[in-house]
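Protein chains in written order, with our numbering: chain A, 1 to 191; chain B, 192 to 382. Every residue, glycine too, gets a C-beta built ideally from N, C-alpha and C. As the structure is a prediction and not an experimental result, all values here were calculated from the model. This report concerns only the one structure given below.
There are 2 protein chains.
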Amino acid sequence: MVTARNTRRDVVAAAGRLFAERGYHGTSMRDLGKELGLLGSSLYSHVSSKQDLLVDVVEEGARLFEASAEKALAAEGSASDRLEALISGHIDVVVDNIEVARTFLNEARMLDLEHRSRVIGARDHYEAAFRTVIAEGIAEGDFRGDVDHKTASIFILSILNAIERWYRPTGALDRDALVAELWGFTRSALG
Amino acid sequence: MVTARNTRRDVVAAAGRLFAERGYHGTSMRDLGKELGLLGSSLYSHVSSKQDLLVDVVEEGARLFEASAEKALAAEGSASDRLEALISGHIDVVVDNIEVARTFLNEARMLDLEHRSRVIGARDHYEAAFRTVIAEGIAEGDFRGDVDHKTASIFILSILNAIERWYRPTGALDRDALVAELWGFTRSALG
DNA sequence: CCTACCGATCGGTAGG
DNA sequence: CCTACCGATCGGTAGG
Numbered sequence: 001m002v003t004a005r006n007t008r009r010d011v012v013a014a015a016g017r018l019f020a021e022r023g024y025h026g027t028s029m030r031d032l033g034k035e036l037g038l039l040g041s042s043l044y045s046h047v048s049s050k051q052d053l054l055v056d057v058v059e060e061g062a063r064l065f066e067a068s069a070e071k072a073l074a075a076e077g078s079a080s081d082r083l084e085a086l087i088s089g090h091i092d093v094v095v096d097n098i099e100v101a102r103t104f105l106n107e108a109r110m111l112d113l114e115h116r117s118r119v120i121g122a123r124d125h126y127e128a129a130f131r132t133v134i135a136e137g138i139a140e141g142d143f144r145g146d147v148d149h150k151t152a153s154i155f156i157l158s159i160l161n162a163i164e165r166w167y168r169p170t171g172a173l174d175r176d177a178l179v180a181e182l183w184g185f186t187r188s189a190l191g
Numbered sequence: 192m193v194t195a196r197n198t199r200r201d202v203v204a205a206a207g208r209l210f211a212e213r214g215y216h217g218t219s220m221r222d223l224g225k226e227l228g229l230l231g232s233s234l235y236s237h238v239s240s241k242q243d244l245l246v247d248v249v250e251e252g253a254r255l256f257e258a259s260a261e262k263a264l265a266a267e268g269s270a271s272d273r274l275e276a277l278i279s280g281h282i283d284v285v286v287d288n289i290e291v292a293r294t295f296l297n298e299a300r301m302l303d304l305e306h307r308s309r310v311i312g313a314r315d316h317y318e319a320a321f322r323t324v325i326a327e328g329i330a331e332g333d334f335r336g337d338v339d340h341k342t343a344s345i346f347i348l349s350i351l352n353a354i355e356r357w358y359r360p361t362g363a364l365d366r367d368a369l370v371a372e373l374w375g376f377t378r379s380a381l382g
């Protein structure tokens with residue numbers, strides 16, 4: 001075999017790349033075909049619609065974040081340790097899957113109602129992990145008693161979700177430094 | 192006069208609304224016409240292209256944020272006071288101009304290269320205000336000596352720029368409470 | 001602001 | 001995965 005044909009996975013990966021760069025509505029099936037070296041119409045042997053591709057990319061994003069949270073919550077240690085693990089895991093997901101993360105964060109609203117509702121549910125569930133851990137940290141005395149765990153979780157997630165907007169793998173701040181900076185900022189804000 | 196005709200301002204305002212909701216590429220000129228009660232083709236007596244509308248909305252956003260920063264920096268008091276004014280002013284801009292702010296934050300990347308560069312420049316200039324004030328606060332002893340003013344300004348702006356994603360005017364957290372929460376969080380993180 | 005269009009492009013299908 | 005299409009919609013124009 002000299003040149004392998006594209007698989008569905010290839011198509012979904014390329015879709016993630018283009019949706020992240022140009023947006024869902026800014027990407028045509030012909031654009032996507034060109035990215036893979038084939039015609040737009042040929043994509044329909046891999047997927048049944050353009051929306052299908054968005055569903056696949058966004059649900060992959062949801063799975064990655066959910067898996068990260070599950071792992072962080074299962075870790076030993078204090079609530080403060082688990083919050084650090086949540087932050088570190090989130091940064092890993094974004095850094096290692098930047099196109100999927102960007103599409104998940106910016107293009108999920110282009111999903112049809114049914115799928116969008118599912119994603120919003122997953123997002124709420126993920127945010128609840130942060131909220132709970134912060135509340136536990138307050139109860140355990142790791143964090144100040146006068147912080148509002150709801151607002152604090154929104155603020156921390158805001159920082160995490162914005163990373164895709166400025167993070168560059170070749171930049172001055174690498175993954176470890178970013179985790180350290182953000183955890184320092186957060187610890188200080190909550191402590 | 193019974194029913195006034197639409198002005199260019201009306202058209203730009205409606206464009207901001209739709210671009211914020213559905214994205215630039217998700218909004219057609221016919222959609223926009225319908226929003227205003229006229230045909231898509233009639234919009235061309237007010238603007239010369241769809242891109243023109245995006246330019247107008249985004250540059251209005253840039254002006255609002257720049258004016259807010261200018262006012263905050265001119266205020267009396269310590270660097271810490273000026274940072275609080277920057278945060279409070281930013282929240283005002285978002286809360287009072289949510290569609291413009293959303294379009295500015297999410298759709299500026301759909302601008303053609305020339306205008307996009309200008310917006311990126313304005314954005315950098317705005318971020319520099321935060322960076323400088325934080326650096327001054329460190330120098331004045333208002334903030335801890337071990338915070339990195341670059342990273343801290345990115346983190347604070349991340350929180351500010353995410354407000355459009357979750358803030359609801361009818362929600363539990365009103366403008367004043369939001370300013371108080373965020374300023375408390377920030378002071379604690381930096382102090 | 002409407003009528004009446006234009007060429008280009010869109011997502012998608014049938015059949016191989 | 002390509003050929004050869006389809007109807008719908010796109011941004012935009014001429015002329016009133």
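Just how far apart, CA to CA, sit residue i and residue j?
{"i": "G37 (chain A)", "j": "A62 (chain A)", "result": "29 angstroms"}
{"i": "V285 (chain B)", "j": "E331 (chain B)", "result": "30 angstroms"}
{"i": "N6 (chain A)", "j": "L39 (chain A)", "result": "12 angstroms"}
{"i": "R17 (chain A)", "j": "S349 (chain B)", "result": "23 angstroms"}
{"i": "S78 (chain A)", "j": "A69 (chain A)", "result": "15 angstroms"}
{"i": "H281 (chain B)", "j": "D10 (chain A)", "result": "42 angstroms"}
{"i": "D287 (chain B)", "j": "L264 (chain B)", "result": "20 angstroms"}
{"i": "S396 (chain B)", "j": "G33 (chain A)", "result": "Since the displayed chain B opens at 192 and closes at 382, residue 396 (chain B) lies outside it and no answer follows."}
{"i": "D315 (chain B)", "j": "R366 (chain B)", "result": "26 angstroms"}
{"i": "L190 (chain A)", "j": "R109 (chain A)", "result": "31 angstroms"}
{"i": "A177 (chain A)", "j": "A204 (chain B)", "result": "42 angstroms"}
{"i": "A172 (chain A)", "j": "F321 (chain B)", "result": "19 angstroms"}
{"i": "H306 (chain B)", "j": "D283 (chain B)", "result": "25 angstroms"}
{"i": "F376 (chain B)", "j": "M220 (chain B)", "result": "43 angstroms"}
{"i": "E275 (chain B)", "j": "A206 (chain B)", "result": "32 angstroms"}
{"i": "E298 (chain B)", "j": "T170 (chain A)", "result": "25 angstroms"}
{"i": "G214 (chain B)", "j": "E76 (chain A)", "result": "43 angstroms"}
{"i": "R199 (chain B)", "j": "F65 (chain A)", "result": "44 angstroms"}
{"i": "S233 (chain B)", "j": "E21 (chain A)", "result": "32 angstroms"}
{"i": "R144 (chain A)", "j": "G26 (chain A)", "result": "45 angstroms"}
{"i": "N161 (chain A)", "j": "Y44 (chain A)", "result": "32 angstroms"}
By the DSSP assignment, the alpha helix (DSSP H) with residue i in it spans what residues?
{"i": "V235 (chain A)", "result": "With chain A covering 1 to 191 only, the question about residue 235 (chain A) has no answer from this structure."}
{"i": "L178 (chain A)", "result": "175-190"}
{"i": "F104 (chain A)", "result": "98-107"}
With H, G and I counted as helix, E and B as strand and the rest as coil, what does DSSP make of residue i?
{"i": "S239 (chain B)", "result": "coil"}
{"i": "A313 (chain B)", "result": "helix"}
{"i": "A172 (chain A)", "result": "coil"}
{"i": "H216 (chain B)", "result": "coil"}
{"i": "N197 (chain B)", "result": "coil"}
{"i": "L234 (chain B)", "result": "helix"}
{"i": "D112 (chain A)", "result": "coil"}
{"i": "D56 (chain A)", "result": "helix"}
{"i": "A266 (chain B)", "result": "coil"}
{"i": "D142 (chain A)", "result": "coil"}
{"i": "L229 (chain B)", "result": "coil"}
(request) Return the residues of the segment 157-171 of chain A that lie within a Cβ-Cβ distance of less than 9 angstroms from chain B, sorted by chain order. (result) L157, S158, I159, L160, N161, A162, I163, R165, W166
(message) Any C-beta of chain A within less than 7 angstroms: which residues of the segment 195-228 of chain B qualify?
(response) G214, H216, G217
(message) Under 8 angstroms: do the segment 229-241 of chain B and the segment 125-136 of chain A share three or more Cβ pairs, one atom per stretch?
(response) no
(request) Please confirm if the segment 87-105 of chain A is in contact with the segment 51-71 of chain A, defined as three or more CB-CB distances below 8 angstroms between the two stretches. (result) yes
(message) Does the segment 112-119 of chain A come into contact with the segment 162-170 of chain A, if we say contact requires no fewer than three beta-carbon pairs (one atom in each stretch) closer than 8 angstroms?
(response) no
(message) With a threshold of 8 angstroms, are at least 3 pairs of Cβ atoms found where one atom belongs to the segment 141-158 of chain A and the other to the segment 370-378 of chain B?
(response) yes
(request) Anything in the segment 238-256 of chain B with a Cβ closer than 7 angstroms to a Cβ of chain A? List those residues in chain order, please. (result) none
(request) Return the residues of the segment 325-342 of chain B that lie within a Cβ-Cβ distance of less than 7 angstroms from chain A, sorted by chain order. (result) D339, T342
(request) Note down, in chain order, all residues in the segment 301-313 of chain B with a beta-carbon under 8 angstroms from any beta-carbon belonging to chain A. (result) M301
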